[in-house]
Amino acid sequence: MQMQMQAIRIQSSKTEVYSASNPAPPSALVLDKDVPIPGIKARQILVRVHATTVTRDELTWPESYHEEQRIPGYDFSGVVERVEGPSKFKPGDEVYAMVSTTRGSTWADYAMALKDEVALKPSKLSWAESVTVPLSALTAWQALFVHAGVQEPVFDTNAKHDTSRRLLVTGASGAVGSYIVQIGALAGLHVVAASSSTERNGEFLRSLGAHEAVEYTELDKQSFDVIVDTVGGKTLAQSWHLVADDGILISVESSSFDFARSPPAGKEHVKAIFFIVEPSGEQLEKLAKALDAGLVKPFLAQTFPLGDAKKAYEMASGRMERRGKVVLVL
Numbered sequence: 001m002q003m004q005m006q007a008i009r010i011q012s013s014k015t016e017v018y019s020a021s022n023p024a025p026p027s028a029l030v031l032d033k034d035v036p037i038p039g040i041k042a043r044q045i046l047v048r049v050h051a052t053t054v055t056r057d058e059l060t061w062p063e064s065y066h067e068e069q070r071i072p073g074y075d076f077s078g079v080v081e082r083v084e085g086p087s088k089f090k091p092g093d094e095v096y097a098m099v100s101t102t103r104g105s106t107w108a109d110y111a112m113a114l115k116d117e118v119a120l121k122p123s124k125l126s127w128a129e130s131v132t133v134p135l136s137a138l139t140a141w142q143a144l145f146v147h148a149g150v151q152e153p154v155f156d157t158n159a160k161h162d163t164s165r166r167l168l169v170t171g172a173s174g175a176v177g178s179y180i181v182q183i184g185a186l187a188g189l190h191v192v193a194a195s196s197s198t199e200r201n202g203e204f205l206r207s208l209g210a211h212e213a214v215e216y217t218e219l220d221k222q223s224f225d226v227i228v229d230t231v232g233g234k235t236l237a238q239s240w241h242l243v244a245d246d247g248i249l250i251s252v253e254s255s256s257f258d259f260a261r262s263p264p265a266g267k268e269h270v271k272a273i274f275f276i277v278e279p280s281g282e283q284l285e286k287l288a289k290a291l292d293a294g295l296v297k298p299f300l301a302q303t304f305p306l307g308d309a310k311k312a313y314e315m316a317s318g319r320m321e322r323r324g325k326v327v328l329v330l
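Letter by letter, the sequence shown follows residues 1 to 330 of the UniProt record's numbering.
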């Protein structure tokens, strides 16, 4: 008989079947105590979940409706329960991960991950603090060091690469933007952090390592070698006019997936990229070093028990007064 666990599921109503084209409301998030514990195959790890994050507007993502069980969630911190085949991990290891968006299902007592998606969690952070990292920090890491081609910093030394390259981060005070500011500064870039209000965000952004904290209206006539946009819309449109003619413009905002198809006149040589973050245990291992060394800070807004997933989702998708991510703890 297969063992059972508790998990949050997206439950369709008697009159409606929820999907990406008909997203579920928060009230569809239901605690189910009779969900089968995932089985694992070669290269896979079963983890007892201690914390998992709640991401803004996750119920509108097509990925939330792929799996039969319809369990949300894409990252976790927890303890290795079982390993299939040779692995550097063993039962009892404290780990964290982002799992593939084709699988998800981390809002549960147990989650399955591939071995190369997992890393030992930062030893100096709590379960809840650790789990705020994977999805957001991996997005930041991949934007700068994979897609923009910036040289990675070495976190176990104090050396910074000497560079005069100018980086603009839009939505800099957000979950992803705050990591781009931090690791961009550690990589030696001149970081300009843009937000809607320097009165509210300026001091915070400078504390993360930003050389300049500005509002969007202050950006006219500036030029940047690299721009990472987390906002989309008008802010992304403005970014086309701010990026150098041979610069790099990256957007991670989901509605901007096709923005690179039609560059404005004079910007045909800009390297324009939209990407979706991918899991990487190797990158999380490097981030764990930076987190344990105090070089990078995580931001935890609030925790909720698993059974309060509806309330947690409403907070994460609303106007947040606290900085950081909303976390479900188990």
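Just so you know, even glycine gets a beta-carbon here, dropped at the ideal spot from N, CA and C.
According to DSSP, residues forming a beta bridge with residue i
i: V118; result: A97
i: S102; result: The sequence given here has Thr at residue 102, not Ser. In DSSP, T102 forms no bridge with anything.
i: K271; result: I248
i: residue 331; result: Given a span of 1 to 330 for the chain in the structure shown, any question on residue 331 remains unanswerable.
Selection from the options that minimises the alpha carbon distance to residue i
i: E321; options: Q302, V329 and V327; result: Q302
i: E253; options: R319, G39 and D57; result: D57
i: V133; options: P38, K310, S262 and Q283; result: Q283
i: I183; options: N22, K90, V228 and S196; result: V228
i: T217; options: T170, L295 and V191; result: T170
i: V326; options: F76, W61, A20 and V243; result: F76
i: P263; options: P23, L125 and S239; result: S239
i: L291; options: V150, V154 and S100; result: V154
i: I40; options: K33, T55, V83 and G281; result: V83
i: L208; options: S173, V226, D220 and P23; result: S173
i: I180; options: L205, D245 and R200; result: L205
i: A187; options: A148, E203 and A175; result: A148
i: S123; options: P38, Y96 and V146; result: Y96
i: T55; options: W107, K289 and E68; result: W107
i: A28; options: T53, L144 and T60; result: T60
i: R70; options: L287, A24 and A312; result: A24
i: V30; options: I8, S19 and N22; result: I8
i: P62; options: S178, F259, A20 and P91; result: A20
i: A309; options: A185, P38 and T52; result: T52
i: E212; options: A143, E285, V192 and S251; result: V192
Outcome for residue i when other beta-carbon atoms lying within 10 angstroms are tallied against a minimum of 16
i: F257; result: exposed
i: E129; result: buried
i: S64; result: buried
i: T102; result: exposed
i: H50; result: buried
i: E268; result: exposed
i: A237; result: exposed
i: M3; result: exposed
i: P72; result: buried
i: R166; result: buried
i: R261; result: exposed
i: S255; result: exposed
i: E81; result: buried
i: N201; result: buried
Any chain B beta carbon closer than 8 angstroms to residue i
i: A301; result: Note that chain B does not occur in the displayed structure, where there is just one protein chain.
Residue i - containing alpha helix (DSSP H), residue span
i: L291; result: G281 to D292
i: G184; result: G177 to L186
i: K234; result: G233 to L242
i: G78; result: That residue, G78, is in no alpha helix (DSSP H); its beta strand (DSSP E) goes D75 to V83.
i: E199; result: T198 to S207
i: L135; result: P134 to W141
i: V131; result: W127 to V131
Residue i - containing beta strand (DSSP E), residue span
i: M320; result: First-last for M320: undefined, no H or E at that position.
i: Q302; result: L300 to P305
i: R48; result: Q44 to V54
i: A108; result: Unbroken run through A108: none, as it is neither H nor E.
i: S195; result: H190 to S195
i: V214; result: E212 to E215
i: P36; result: L29 to P36
i: L168; result: R166 to T170
Any non-hydrogen atom of the ligand ATP within 7 angstroms of residue i CB
i: G85; result: This structure simply doesn't include the ligand ATP, nor any ligand for that matter.
Subject >> Stretch-stretch touch, CB-based, cutoff 8 angstroms, three pairs: the stretch 272-285 with the stretch 224-234 >> reply: no
Original post:
Just checking, does the stretch 11-26 make contact with the stretch 111-123 on the three C-beta pairs under 8 angstroms criterion?
Top reply: no
Subject >> Cβ contact check for the stretch 210-226 and the stretch 189-201: 3 or more pairs under 8 angstroms >> reply: yes
Original post:
Three or more beta-carbon pairs under 8 angstroms between the stretch 77-91 and the stretch 31-45, yes or no?
Top reply: yes
Subject >> Meets three-Cβ-pair contact criterion under 8 angstroms: the stretch 302-312 and the stretch 138-148 >> reply: no
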